[in-house]
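Input: a single structure, listed below in structure tokens.
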Amino acid sequence: MIRLDRLSKTFGARPALHELSLDIPQGQIFGLLGHNGAGKSTTFGMILGQVHPTAGAAYIRDISVQQHRLRALQGVGAIFETPAFYDYLSGWTNLRIFTAYTRKLPDAELMETVRFVGLEPRIHDPVRVYSHGMRQRLALAQALLPRPDIVLLDEPAEGLDPEGIHEMRHLILRLNRERGMTVLLSSHLLSEVEQVCDRIAVLNQGRMIFEGKWTDLKGDAIRYHLEADPWEKAAALIATVPALALAPERILTVAQGYDIADLVTALVQAGVKVRALEPIKQNLEELYLNLVGAPDRTIDPSKS
Amino acid sequence: MLFLTQLRFELLKLFARKRTYIGFAAFLVMEMMMLFLLNLPRTKMHMRHLIEQNGYGFDEYYSGTTLAMIILFRTSTLLGSLYLALVAGDLIAKEIEDGTMRMLLCRPVSRIRVTLLKYLACVVYTFALIFFIGVTALLAGLAFRGYGGLFISPEEGGVFSLIAPARGICLYLCAIPMLSLSMVTISSLGFLFSCCNMKPAAATTVTLSVIFLDLIFHAIPYFESIRPYFITTHLSTWMHIFETYIPWSHMMEDYSYLVGLDITCLILGSAIFLQRDLK
């Protein structure tokens, strides 16, 4: 559905994106992660034909955005980190203006989308009196008109309160499930990405350092937090098992295939009291920080 | 059809902003001030001398049309340029600065179409502003001095004319669209700089700088031989409509120059905008 082919961009002497290649199939929610200035917005800009790539190309439904932008952007909706509107006009007029650049839409279709994003009671108010959350909803409404099959969401939950973030997450999931939309999402809220995205790509200083399912970042090993008494005796026993490794703070790494119950039995038989054995669930945030914290650790996407 | 709808929305955006009306309001205030000053005894004495030394009656020719003409000539180039540059400088630059241009260009619409729509909206604004100035100046003038002949002193664009009342009003009304067409060139310059990578205020300042520099050069007597190359020379061609024998071919030449400049600004501005990265 969306294909990026060795997309590169340099602003002056500063490289913003280096040979980014991605393939996002239809119906997927794809997350683009990275620190500020990693190249996420530049990528969005190039997919929408707003930023001219230095090299490479972006394709939507196999149509080159750079060569046939108008055809490629048919059925594409987008919102940006800080959605901008004509503040002195009402939300409704803003929607009319933006959609007029695609085609003339009947009022009923507009109102249906306004209802979908929950902005109906305030849609005729001037945008300048809207809260941040309302502006985000309006931005989503304009991205959904007229019924795109691809939406690009650049930080859609930026600045929203927890309730707003929750609603936005559910709206994105609904769009994907009910309308089959392909979603390309960038967000700093890693917990959100974790909950909605099928796959992710991580950008670091303009280079992609990971692409795949976020759970792939975890690797095969399972980690536990172990509390045993006496600890020295437990540690000595663990050291004799090749499938086990101890890390600081009593973190036990267990290779795949090893049954943790065998360790508990061995410890008990050796007279060690096992006080706690808790599996450590790694979330995307930890994995992401591990990844971007070690920029040299480039992961080959084909092996993930 | 869709193009017209989009143009309607461009005009809606333009005319829904309070900033757009600064020019209209400023001109109303300025017209009142001018009329007040033109009715001061000392001012009238000067005008009386000018009219009567040519053998015509002061009361007959110091009319509402004459006052409107003075206002129109004296204010349109300088003040008109200011407000046109203010609006035209905003056209593209402000939308880029505010981020609405990015929102707009998420849509399957070409940048050339966007620039063309904005340019046309700006042309409409130019005509609206000049018509407003012209008509309100005439109405205010008629209210102050009443109906009468039109006197144009040589101080106004080098044309000397004494025209009968009905023909005077008729020519005055004909001059408004001609002046509007001239002033489109200032809007076109504003549009061009608005497409460049600069802030809206900078686009306005650069536009005004170009116009004022041109005015200064035009006023320097040593540059007499190269005056045809200055924009200002062609901008005042609308004044020829008040001459006894209207030099149509000369006016056509001037308007061709101005329209050529307008088209150049439009093409150049669009080309610059086309190359820009919006981020």
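Those sequence lines, one after another, are chains P and Z. For the first sequence, this note's numbering begins at 553 and goes up steadily by one. For the second sequence, this note's numbering begins at 44 and goes up steadily by one. In this text, a Cβ means the ideal position worked out from N, Cα and C, and glycines have one as well. Quick caveat, the model's predicted, so the values are computed rather than measured.
Kindly indicate which three-state DSSP category G586 of chain P falls into: helix, strand or coil? Correct three-state label for G586 of chain P: strand.
K561 of chain P - DSSP class collapsed to helix/strand/coil: It is a strand residue.
Determine the burial state of S231 of chain Z: buried for a count of at least 16 other Cβ atoms within 10 Å of its Cβ, exposed for fewer. Answer is buried; the Cβ neighbour count reaches 16.
What is the C-beta distance between T109 of chain Z and L193 of chain Z, in whole angstroms, given that I count them as a contact (C-beta under 8 Å)? That pair is a contact at about 6 Å.
Might you give, ordered along the chain, the residues of its own chain that have their beta carbon closer than 6 Å to the beta carbon of A568 of chain P, omitting 5 neighbours on each side? Answer for A568 of chain P: K561, G591, T594, G758, listed in chain order.
Is the beta carbon of E710 of chain P closer than 7 Å to that of E633 of chain P? The Cβ atoms of E633 of chain P and E710 of chain P lie closer than 7 Å to each other.
Which residues in the same chain have their Cβ closer than 6 Å to the Cβ of A797 of chain P, if we skip the five residues on either side of it in sequence? Excluding sequence positions up to five before and after A797 of chain P, its CB lies within less than 6 Å of the CB of T805, all in the same chain and listed in chain order.
Identity of the residues DSSP links to Y265 of chain Z by a beta bridge: Residue pairing for Y265 of chain Z: DSSP places it in no beta bridge.
Name, going along the chain, the residues of the stretch 580-597 of chain P whose beta-carbon falls closer than 8 Å to a beta-carbon of chain Z. Answer in chain order: S593, T594, G597.
Touching by the beta-carbon criterion (3+ pairs, under 8 Å), the stretch 52-70 of chain Z and the stretch 639-658 of chain P: Verdict: yes, contact present.
Pairs of beta-carbons, one from the stretch 303-312 of chain Z and one from the stretch 225-245 of chain Z, closer than 8 Å: are there three or more? Contact check between the stretch 303-312 of chain Z and the stretch 225-245 of chain Z: three or more CB pairs, one atom from each, fall below 8 Å, which counts as touching.
With 7 Å as the threshold, decide whether the Cβ of L625 of chain P is near any Cβ in chain Z. Yes - at least one Cβ of chain Z is within 7 Å of the one on L625 of chain P.
Residues of chain Z with CB closer than 7 Å to the CB of R802 of chain P, please, in chain order. Going along chain Z, no residue has its Cβ under 7 Å from R802 of chain P, so there is no contact; the nearest lies around 48 Å.
Under the DSSP definition of a beta bridge, which residues are partnered with V754 of chain P? The secondary-structure analysis by DSSP pairs V754 of chain P across a beta bridge with P:L585, P:F762.
If we count Cβ pairs, one from each stretch, closer than 8 Å, do we get three or more for the stretch 775-787 of chain P versus the stretch 816-823 of chain P? Contact between the stretch 775-787 of chain P and the stretch 816-823 of chain P is present: three or more C-beta pairs spanning the two stretches fall below 8 Å.
Looking at the C-beta of H604 of chain P, does it have a partner C-beta in chain Z at a distance below 7 Å? Contact with chain Z is found for H604 of chain P, since one of that chain's Cβ atoms lies less than 7 Å from the residue's Cβ.
Measure the CB-CB distance between H261 of chain Z and T275 of chain Z and report whether it falls below 7 Å. In this structure, H261 of chain Z lies near T275 of chain Z, with their beta-carbon atoms less than 7 Å apart.
Every unbroken alpha helix (DSSP H) within the stretch 108-133 of chain Z, with a cutoff of 4 residues, ordered by chain: Runs found: 124-133.
Cα separation between E571 of chain P and P831 of chain P? Distance between E571 of chain P and P831 of chain P, taken at the CA atoms: about 38 Å.
Taking only the alpha-carbon atoms, compute the straight-line gap between V202 of chain Z and F101 of chain Z and give it to the nearest angstrom. Computed Cα separation, rounded: 18 Å.
Mind listing the chain P neighbours of V152 of chain Z? Cutoff is C-beta to C-beta under 8 Å, in chain order. Residues of chain P with a Cβ closer than 8 Å to the Cβ of V152 of chain Z are, in chain order, L622, Y653, T654.
Any chance the stretch 180-199 of chain Z sits against the stretch 72-84 of chain Z, with 3 or more Cβ pairs inside 8 Å? Yes, the stretch 180-199 of chain Z touches the stretch 72-84 of chain Z.
Answer with yes or no whether the minimum CB distance from R613 of chain P to chain Z is below 7 Å. R613 of chain P does not count as touching chain Z.
Neighbour flag for Y682 of chain P against chain Z, beta carbons, 7 Å: So no, Y682 of chain P is outside the interface.
Would D557 of chain P and A609 of chain P be called neighbours here (beta carbons separated by less than 7 Å)? Yes.
Leaving out five residues on either side along the sequence, give the residues of the same chain with a beta carbon under 6 Å from the beta carbon of L304 of chain Z. The answer, listed in chain order, is T228.
Considering only the alpha carbon of each residue, which of Z:N240, Z:F116, Z:A164, Z:F67 lies closest to T48 of chain Z? Z:A164 is the residue among Z:N240, Z:F116, Z:A164, Z:F67 whose C-alpha sits nearest the C-alpha of T48 of chain Z.
Pull up the distance between the alpha-carbon of V666 of chain P and that of A691 of chain P, whole angstroms please. V666 of chain P and A691 of chain P: Cα-Cα distance of roughly 10 Å.
Flag K56 of chain Z as yes when its Cβ comes closer than 6 Å to any non-hydrogen atom of the ligand COA, and as no otherwise. In the structure on display, the ligand COA does not appear, and there are no ligands present to speak of.
Do you know how far the Cα of V302 of chain Z is from the Cα of T86 of chain Z? If you take the alpha carbons of T86 of chain Z and V302 of chain Z, they lie about 38 Å apart.
Is the CB of L641 of chain P under 7 Å away from at least one CB in chain Z? Under the Cβ criterion of 7 Å, L641 of chain P is counted among the residues facing chain Z.
Other residues of its chain near A180 of chain Z: CB distance less than 7 Å, five sequence neighbours each side excluded: If we look at A180 of chain Z and ignore the five residues flanking it on each side, its Cβ neighbours are E74, A111, I114, L115.
Straight-line gap, L705 of chain P to M146 of chain Z (C-alpha atoms, nearest Å): Straight-line Cα distance between these residues: approximately 12 Å.
CB of I702 of chain P within 7 Å of CB of V748 of chain P, strictly: No, Cβ-Cβ distance for I702 of chain P and V748 of chain P is not below 7 Å.
Could you check whether Q580 of chain P and D519 of chain P sit closer than 7 Å to each other, using their CB atoms as the reference points? Residue 519 of chain P lies beyond the stretch modelled for chain P, which goes from 553 to 856, so this question has no answer here.
Starting from L574 of chain P, trace the beta strand (DSSP E) both ways and give me its first and last residue. Here the beta strand (DSSP E) through L574 of chain P covers 566-576.
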